[in-house]
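Asker: According to numbering that gives the first Met the number 0, the sequence shown is numbered sequentially starting from 0. C-beta atoms are modelled at their ideal positions from N, C-alpha and C, and glycine is treated no differently.
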Amino acid sequence: MRSLFALFLSVLFAGCHLEKINPDPIDLNQVPEKVELFAEGTISTHLYERDIAISPDGNEIIFTLNDYQQIHRCLVSIRKTKDGWGEKEVLSFSGRYHDIEPFFSVDGGKLYFASNRPIFGDSTRSDYNIWVSEKEGEGWADPEALPTNINTLSDEFYPSLSKNNNLYFTATLENGIGTEDIFLSRYSNGDYLDPEPLDTAINSATYEYNAYVSPDENVLVFGSYGREDDMGGGDLYISRKDEQGNWLPARNMGPAINTGSLDFCPFIDYPRGNFYFTSNRHQSGPKHLQNVGDLEVFAEGVLNGMGNIYRTGWEQVKFE
């Protein structure tokens, strides 16, 4: 009888031990069949998260964290170790200025981002420019600004690079087509050429922004606001190149991705087959507030209308 009781206790404690071994809150290899909130409580929280970037080897995630009023905007990293995912940390060079919109180079050795930090020694400037930092051990080196033919006196946002280092970014420049456009600066012989706006297959008379280009430069996903087929708050669009290398007219990614809220900041994790984006979608709050606590519960919830990261399988939405 005693041996049976001891066996029962050993099974019970073993079960309790197994319950404590929770799976990692972040599973990059899971490929959902429909849009889901990514890493709820770890990355997607009641704060404002946006602009996810995942290193090619899947061992580091970097995203933008800011408050709703955008008083503070910084780059946050979470790294995978042999024991699982570590704690979230502000990158060593971030936290003082507004640093947003990270992007890993194809080899993972460089991190591009946009920032309003002083540039070229001019402490009076506060426009956003594109910067790059090189991998340094487990962290990142002090960033350097891209050259002046990229970084103008206007804002430059959301860098994305193909494997041949062609640079796509958002700006409002004199040679643009609309209010805000997506530009391409080709990389040639170690230098970036003067940026040119993408044609009207991509850019329009309204707002185009936050473009992600695939490593082979054949797929472009970007945000746009104010088009006739806009679902309300700004939508994600997709384009592919034809056999001649020209961009086909962009298509709205539809209700599987877009909502009446702002949907933006796309990223395709090709090694693991997932499509990520940021959305300000929210759950309905209480129709009638009975007390202050009702509002506090809504405001402190994940789906409070501030930005979160979402994902779905790339095969579900790639529109081939």
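Ignoring anything shorter than 3 residues, give me the beta strand (DSSP E) runs that lie fully in the stretch 13-63, in order along the chain.
Answerer: If we require 3 residues or more, the beta strand (DSSP E) runs fully inside the stretch 13-63 come out as 47-53.
Asker: Please report the residue range of the beta strand (DSSP E) in which A113 lies.
Answerer: Along the sequence shown, one-based indexing puts residue 113 at 114. Its beta strand (DSSP E) spans residues K109 to S114.
Asker: Smallest Cα separation from E299: which of E314, S213, T311 and Q282?
Answerer: Translated into positions along the sequence shown, residue 299 becomes position 300. Checking every option, the nearest Cα to that of E299 belongs to Q282.
Asker: Which class does E314 belong to by DSSP, given the choice of helix, strand or coil?
Answerer: Along the sequence shown, read from residue 1 onward, the residue named residue 314 stands at position 315. Of the three classes helix, strand and coil, the one that applies to E314 here is helix, per DSSP.
Asker: Can you say whether P265 is buried or exposed, counting buried as having 16 or more other CB atoms within 10 angstroms of its CB?
Answerer: Residue 265 sits at position 266 when you count from the first residue of the sequence shown. Buried.
Asker: Count Cβ pairs between the stretch 78-86 and the stretch 22-41 that sit closer than 8 Å; are there 3 or more?
Answerer: Enough Cβ pairs lie closer than 8 Å, so yes.
Asker: Measuring alpha carbon to alpha carbon, tell me which residue in F168, N128 and Y275 is nearest T311.
Answerer: Locating residue 311 in the sequence shown gives position 312, where the first residue counts as 1. The shortest Cα separation from T311 among F168, N128 and Y275 belongs to Y275.
Asker: With 16 other CB atoms within 10 Å as the buried threshold, where does R49 fall?
Answerer: By one-based count along the sequence shown, residue 49 stands at place 50. With 16 or more Cβ atoms within 10 Å of its Cβ, R49 is classed as buried.
Asker: Closer than 8 Å is the cut-off here; do at least three beta carbon pairs connect the stretch 150-161 with the stretch 100-114?
Answerer: Contact holds: three or more Cβ-Cβ distances are below 8 Å.
Asker: Taking the beta strand (DSSP E) that V212 belongs to, which residues open and close that run?
Answerer: What you label residue 212 is simply residue 213 of the sequence shown in a count that begins at 1. Where V212 is concerned, the enclosing beta strand (DSSP E) stretches over Y206 to V212.
Asker: Out of curiosity, what's the CA-to-CA distance linking S161 and R271?
Answerer: For the purposes of this step, residue 161 is taken as residue 162 along the sequence shown, with counting starting at 1. For the purposes of this step, residue 271 is taken as residue 272 along the sequence shown, with counting starting at 1. So the two alpha carbons sit approximately 18 Å from each other.
Asker: To the nearest angstrom, how far is the alpha carbon of N217 from that of D66?
Answerer: Position 218 of the sequence shown, counting from 1, holds the residue named residue 217. Position 67 of the sequence shown, counting from 1, holds the residue named residue 66. Using only the alpha carbons, I get a separation of about 35 Å.
Asker: Among R239, L145 and G40, which one has its Cα closest to the Cα of Y127?
Answerer: In the sequence shown, residue 127 corresponds to position 128, counting from 1. Nearest C-alpha to Y127: L145.
Asker: With DSSP collapsed to three states, give me the class of V301.
Answerer: Counting from one through the sequence shown, the residue named residue 301 turns up at place 302. Coil.
Asker: In terms of DSSP beta bridges, what is C73 paired with?
Answerer: The count along the sequence shown starts at 1 and reaches residue 73 at position 74. Partner(s): L64.
Asker: Identify whether E295 lies in helix, strand or coil by the three-state DSSP scheme.
Answerer: Taking the first residue of the sequence shown as position 1, residue 295 is located at position 296. E295 falls in the helix class under three-state DSSP.
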